[in-house]
Amino acid sequence: MSVRAVIRPVQHSIGTHPRGEVTVSAHCLDGGCPWTLAATADLKAADLAMMTHTGLSGHPTFARTFQDVALVRRLELNEEKREIAPLPSAGPRHGRADN
Numbered sequence: 016m017s018v019r020a021v022i023r024p025v026q027h028s029i030g031t032h033p034r035g036e037v038t039v040s041a042h043c044l045d046g047g048c049p050w051t052l053a054a055t056a057d058l059k060a061a062d063l064a065m066m067t068h069t070g071l072s073g074h075p076t077f078a079r080t081f082q083d084v085a086l087v088r089r090l091e092l093n094e095e096k097r098e099i100a101p102l103p104s105a106g107p108r109h110g111r112a113d114n
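Residue numbering for the sequence shown follows our numbering, starting at 16 and increasing by one per position.
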């Protein structure tokens with residue numbers, strides 16, 4: 016008796032989890048400036064904070080980090096399924112890709 020496996024491509028989509036949120040944090044890149052912005056989901060307030068820092072200090076360059084919770088859906092399996100996976104609790108990370 017032999018076992019056969021059939022491998023076929025499956026289409027997926029990826030996007031921000033609808034129950035999650037995008038957050039941004041930032042820090043000033045002017046040499047030695049200690050200004051930082053803690054992670055916030057209020058993107059307009061983050062922009063305003065950076066522009067205010069520039070107005071007060073003249074420092075125009077920032078490193079911004081955006082973070083979200085991604086949701087990958089296997090299109091074939093989810094065509095009829097309207098449920099959305101819950102957000103995971105903050106536990107150990109598995110299958111993490113480091114770049």
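Backbone N, C-alpha and C fix where the C-beta goes; we use that ideal spot for every residue, glycine too.
Can you list, in chain order, the residues of its chain with a C-beta nearer than 6 Å to that of L48? Leave out the 5 residues immediately preceding and following it. Checking the sequence, you will find Cys at residue 48 rather than Leu. Only H74 meet the Cβ criterion.
For L86, tell me which candidate among A61, S17, H32, H42 has the shortest Cα-Cα distance. Of all alpha-carbon atoms in A61, S17, H32, H42, the one lying nearest the alpha-carbon of L86 is that of H32.
Where do the N-terminal and C-terminal ends of the beta strand (DSSP E) with T31 fall, by residue? 27-31
Indicate whether at least one CB of chain C lies closer than 9 Å to the CB of G30. No chain C is part of this structure, which consists of one protein chain only.
Which listed residue (R34, S17, Q26) has its alpha carbon closest to that of A100: R34
Could you name the residues of the same chain whose beta carbon sits closer than 6 Å to that of Q26, not counting the 5 residues immediately before and after it, in chain order? L90
Considering only C-alpha positions, which residue in the set I29, D83, L71, G46 is nearest to T55? D83
I'd like to check one pair, A60 with T51: are the Cβ atoms closer than 9 Å? T51 places its beta carbon 9 Å or farther from that of A60.
Residues near D45 in its chain [Cβ-Cβ closer than 6 Å; skip 5 each side]: H74
Between the Cα of R28 and the Cα atoms of P103, R88, L102, S104, which residue gives the shortest distance? The sequence given here has Ser at residue 28, not Arg. Comparing alpha-carbon positions, the option among P103, R88, L102, S104 lying closest to S28 turns out to be R88.
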